[in-house]
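S.K.: All the letters of the sequence shown, read from the start, carry residue numbers 22 to 283 under my numbering. Every residue, glycine too, gets a C-beta built ideally from N, C-alpha and C.
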Amino acid sequence: DKIMPQIEDWQNRPLSEVYPVLYIDAIHYSVRDNGIIRKLAAYVILGINNDGYKEVLTIEVGENESSKYWLNVLTEIKNRGVKDILIASVDGLPGFVDAIKVVYPDTEIQRCVVHQIRNTLNYVSYKHKKEFARDLKQVYTASTEENALSELTLLEEKWSDKYAIALRSWRNNWDELSTYFKYPEHIRTLIYTTNAMESYNRMLRKVTKSKSVFPSDDSLHKSLYLATMDISDKWTQKIRNWNQILAHLSIYFDDRMSSLNM
Numbered sequence: 022d023k024i025m026p027q028i029e030d031w032q033n034r035p036l037s038e039v040y041p042v043l044y045i046d047a048i049h050y051s052v053r054d055n056g057i058i059r060k061l062a063a064y065v066i067l068g069i070n071n072d073g074y075k076e077v078l079t080i081e082v083g084e085n086e087s088s089k090y091w092l093n094v095l096t097e098i099k100n101r102g103v104k105d106i107l108i109a110s111v112d113g114l115p116g117f118v119d120a121i122k123v124v125y126p127d128t129e130i131q132r133c134v135v136h137q138i139r140n141t142l143n144y145v146s147y148k149h150k151k152e153f154a155r156d157l158k159q160v161y162t163a164s165t166e167e168n169a170l171s172e173l174t175l176l177e178e179k180w181s182d183k184y185a186i187a188l189r190s191w192r193n194n195w196d197e198l199s200t201y202f203k204y205p206e207h208i209r210t211l212i213y214t215t216n217a218m219e220s221y222n223r224m225l226r227k228v229t230k231s232k233s234v235f236p237s238d239d240s241l242h243k244s245l246y247l248a249t250m251d252i253s254d255k256w257t258q259k260i261r262n263w264n265q266i267l268a269h270l271s272i273y274f275d276d277r278m279s280s281l282n283m
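1. Going by DSSP in three states, aspartate 72 sits in which element: helix, strand or coil?
2. Specify whether the region 158 to 168 and the region 219 to 234 touch according to this definition: at least 3 beta carbon pairs, one from each stretch, less than 8 Å apart.
3. Run the CB neighbour count on tyrosine 184, radius 10 Å, all protein chains shown included, and call it buried at 16 or more, exposed below.
4. Can you look up alanine 47 in the DSSP assignment and give me helix, strand or coil?
5. State the DSSP-derived secondary structure class of arginine 261, mapped to helix, strand or coil.
6. Report the CB separation of glutamate 129 from isoleucine 98 in whole angstroms; it is logged as a contact under 8 Å.
7. Anyone know if the C-beta pair for tryptophan 263 and glycine 73 falls short of 8 Å?
8. I'd like to check one pair, leucine 176 with aspartate 156: are the Cβ atoms closer than 8 Å?
9. With a threshold of 6 Å on Cβ separation, who are the neighbours of threonine 200 within its own chain once the five nearest residues in sequence on each side are excluded?
10. Please name the residue or residues paired with tyrosine 64 in a DSSP beta bridge.
11. Just to confirm before moving on: does the CB-CB distance between lysine 243 and isoleucine 66 stay below 8 Å?
12. Drop a sphere of 10 angstroms on the beta-carbon of tryptophan 91, count the other beta-carbons inside from all chains shown, and report buried for 16 or more, exposed for fewer.
13. On a Cα-Cα basis, can you pick out the residue from Glu38, His149, Tyr273 that is closest to tyrosine 204?
14. Alpha carbon to alpha carbon, how far is isoleucine 208 from isoleucine 266?
15. Which whole-angstrom value is the C-beta distance of glutamine 137 and leucine 198, which I expect to be below 8 Å?
16. Do tyrosine 64 and valine 94 come within 8 Å of each other at the CB atom, strictly closer than that value?
17. Counting only runs of 4+ residues fully inside the region 146 to 185, write out the alpha helix (DSSP H) ranges in chain order.
18. Got a sec? Which residues, its chain only, sit under 8 Å from methionine 25 by beta carbon, not counting five neighbours each side?
19. To which residues does DSSP link glutamine 131 through a beta bridge?
20. Within the continuous alpha helix (DSSP H) that includes lysine 89, where are the two ends?
21. Count the other C-beta atoms from every protein chain shown that fall within 10 angstroms of the C-beta of valine 77, then say buried if there are 16 or more, exposed otherwise.
22. Among Val145, Ile106, Thr215, which one has its Cα closest to the Cα of aspartate 182?
23. With a floor of 4 residues, list each alpha helix (DSSP H) that falls wholly inside the region 188 to 270, ordered by position along the chain.
24. Exposed or buried, tryptophan 191, counting other C-beta atoms within 10 Å across all chains shown (16 or more means buried)?
25. Using the beta-carbon count (16 or more within 10 Å), is valine 123 buried or exposed?
26. By how many angstroms is the C-alpha of glycine 68 removed from the C-alpha of tryptophan 180?
27. Classify isoleucine 272 as helix, strand or coil using the three-state DSSP reduction.
Dropping the structure here:
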């Protein structure tokens, strides 16, 4: 219990005014509550700060994702000093897009393409999977959004009779899936997938895997906090090509980054 004040101080610490990139995701755990085991989620916001280093902004333990929930989380980080987020890379979290449009209306949303691919292939029969995946790759590896849409049309013409549901989500989510096409390769690589978050999640699971059920919410929060402190100490290298990335972002978001004197 001695670390609870430390966790509170960490959760309320001042944050940077602008984060070029943010990743948002959730990890699920089992927690005992009055003899009943509940499934709770640890909602994590991981940022890349202006110096190019990864930084966990907040960890929230809760139950249901919703616009109202994310509105509270985003309002909290705004109150801690975050005035702007340039790009948010997310795994289609329920309610997040609606909430961020309220708190940070200028933030660009990039839905994780890797998760989208996995979800799509879940609908595809094993005998078609290899061919379908090869055709789908032409969409998300296209050089421009225009070319990607052309490839998506070809994909639909070929496969919609068999896999209309799988393909429909690409059209429905296109605005959030296609954000990365407007950027050069090193920024695309950074935002089109939540790999940075998944790497962090894997390290958390290594620490927490010995506990199949946590005795309380606080116990889970303490474990995640201590693990995060240990993981953060190892983040000593900048994101690769950060100076190039920052230079391009400074051009794309000139009016929003000029106040930082970068």
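M.R.: Working from what's here:
1. If DSSP states are grouped into helix, strand and coil, aspartate 72 belongs with coil.
2. no
3. buried
4. strand
5. It is coil, neither helix nor strand.
6. Incorrect: roughly 17 Å between the Cβ atoms, too far for contact.
7. yes
8. yes
9. Glu129, Gln131
10. Ala47, Glu81
11. No, the pair does not count as a contact, with Cβ atoms beyond the cut-off.
12. Buried, by the Cβ-count rule.
13. Tyr273
14. Their backbone Cα atoms lie some 6 Å apart in a straight line.
15. Correct: roughly 6 Å between the Cβ atoms.
16. In this structure, valine 94 sits near tyrosine 64, with a CB-CB distance shorter than 8 Å.
17. 147 to 161
18. Asp239, Lys243
19. Ser110
20. 88 to 100
21. Buried: at least 16 other Cβ atoms inside 10 Å.
22. Here the closest residue by C-alpha is Val145.
23. 195 to 198, 206 to 212, 216 to 229, 238 to 254
24. buried
25. exposed
26. 38 Å
27. helix
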